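Asks:
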Amino acid sequence: MKIYKGLLNTVGVLLLMAIGGVLALATAHFYSNPFDLLSQKRNTEITHSLQREEQVVLLSLGVQEIENASQDKTFFDFKIPGTTRTSHVQFSFDAKVGIEGEDVKVEEAGNNRYIVSIPEFIFIGHENLNVKLINEENGVLSWVTPDIDQNEMLQKVLSDELQDEHIEKNEDTLREQAASFYKRIVEGIDPSATLEFKYS
């Protein structure tokens, strides 16, 4: 009986030692260097904050374009004299230019540095549209010619070619705005972090 009790005591001591060892290893794992855990958490937070799913508007451009359009009444592909309609229309609007937030890539570079890859700038949309008829010239028989469609004229003003032209003219400003936008986000999390930007 005494041998049995002694054996139980020995097993109990060994079990307590094993549990203590496991707890010691766990404690050492989680608390040996708390700064590593904090740094990892901060890095994850910065990376997630820079990666957004929505479009990011970086710049609002005041655009003013004058579009001219002319059309005639035809008969078997021949223009009928005096039926010409001509319109000169001014379109003014605020163009929104930015990037696709989900296409921004963030890479940790060590020493609290991050490389942020900015995708190509895109035309996101427009607002505050103002349409003004500057001049209209109509022939004596122009009443037989359909009115000129101003929506078609607007689509020419918003063509991909003109959108690319506005983006190209403001490339430097857009890069500055992108850098400023993401730096403000990171400074709110870790002011000591350094960002390096790459542009498409």
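Counting the sequence shown from 1 gives a position; my numbering is that position plus 186. Backbone N, C-alpha and C fix where the C-beta goes; we use that ideal spot for every residue, glycine too. Keep in mind it's a predicted model, so treat the numbers as computed, not measured.
1) I need the straight-line Cα distance from S316 to Q336, nearest angstrom please.
2) Contact between the stretch 285 to 295 and the stretch 267 to 274 is defined here as three or more beta-carbon pairs at a separation below 8 angstroms; is this criterion met?
3) Please tell me whether A281 and G325 are closer than 9 angstroms, where the distance is taken between their beta carbons.
4) Quick one, are the C-beta atoms of A255 and I320 less than 9 angstroms apart?
5) What span of residues does the alpha helix (DSSP H) with S366 cover, start to end?
6) Leaving out five residues on either side along the sequence, give the residues of the same chain with a beta carbon under 6 angstroms from the beta carbon of L360.
7) Could you tell me how far apart the beta carbons of G268 and L327 are, in whole angstroms, since I believe they sit closer than 8 angstroms?
8) Using the beta-carbon count (16 or more within 10 Å), is I304 buried or exposed?
9) Alpha carbon to alpha carbon, how far is E338 from Q257? Give it in angstroms, no decimals.
10) Pop quiz: I353 and F309 are said to be a contact at Cβ under 8 angstroms. What is the actual Cβ separation, rounded to whole angstroms?
11) What did DSSP end up calling D222 once you bin it into helix, strand or coil?
Replies: Per the coordinate set shown:
1) Looking up residue 316 in the sequence shown gives position 130. Looking up residue 336 in the sequence shown gives position 150. Per the sequence shown, the amino acid found at residue 316 is Asn instead of Ser. N316 and Q336: Cα-Cα distance of roughly 12 angstroms.
2) no
3) Counted from its first residue, the sequence shown places residue 281 at position 95. Counted from its first residue, the sequence shown places residue 325 at position 139. Cβ atoms of A281 and G325: not closer than 9 angstroms.
4) Residue numbering aside, residue 255 sits at position 69 when the sequence shown is read from its first letter. Residue numbering aside, residue 320 sits at position 134 when the sequence shown is read from its first letter. No, they are not a contact pair.
5) Residue 366 sits at position 180 when you count from the first residue of the sequence shown. Start and end: 357 to 373.
6) The residue labelled residue 360 in the question sits at position 174 within the sequence shown. Result list for L360: L244, L245, F307, in chain order.
7) By one-based count along the sequence shown, residue 268 stands at place 82. By one-based count along the sequence shown, residue 327 stands at place 141. Correct: roughly 4 angstroms between the Cβ atoms.
8) Counted from its first residue, the sequence shown places residue 304 at position 118. I304 should be labelled buried.
9) What you label residue 257 is simply residue 71 of the sequence shown in a count that begins at 1. What you label residue 338 is simply residue 152 of the sequence shown in a count that begins at 1. About 13 angstroms.
10) Position 167 of the sequence shown holds residue 353. Position 123 of the sequence shown holds residue 309. Contact flag correct, Cβ pair sits at about 7 angstroms.
11) Translated into the one-based positions of the sequence shown, residue 222 becomes position 36. Because D222 carries a pLDDT of 48, less than 50, the predicted location of this residue cannot be relied on, and no value is offered for it.
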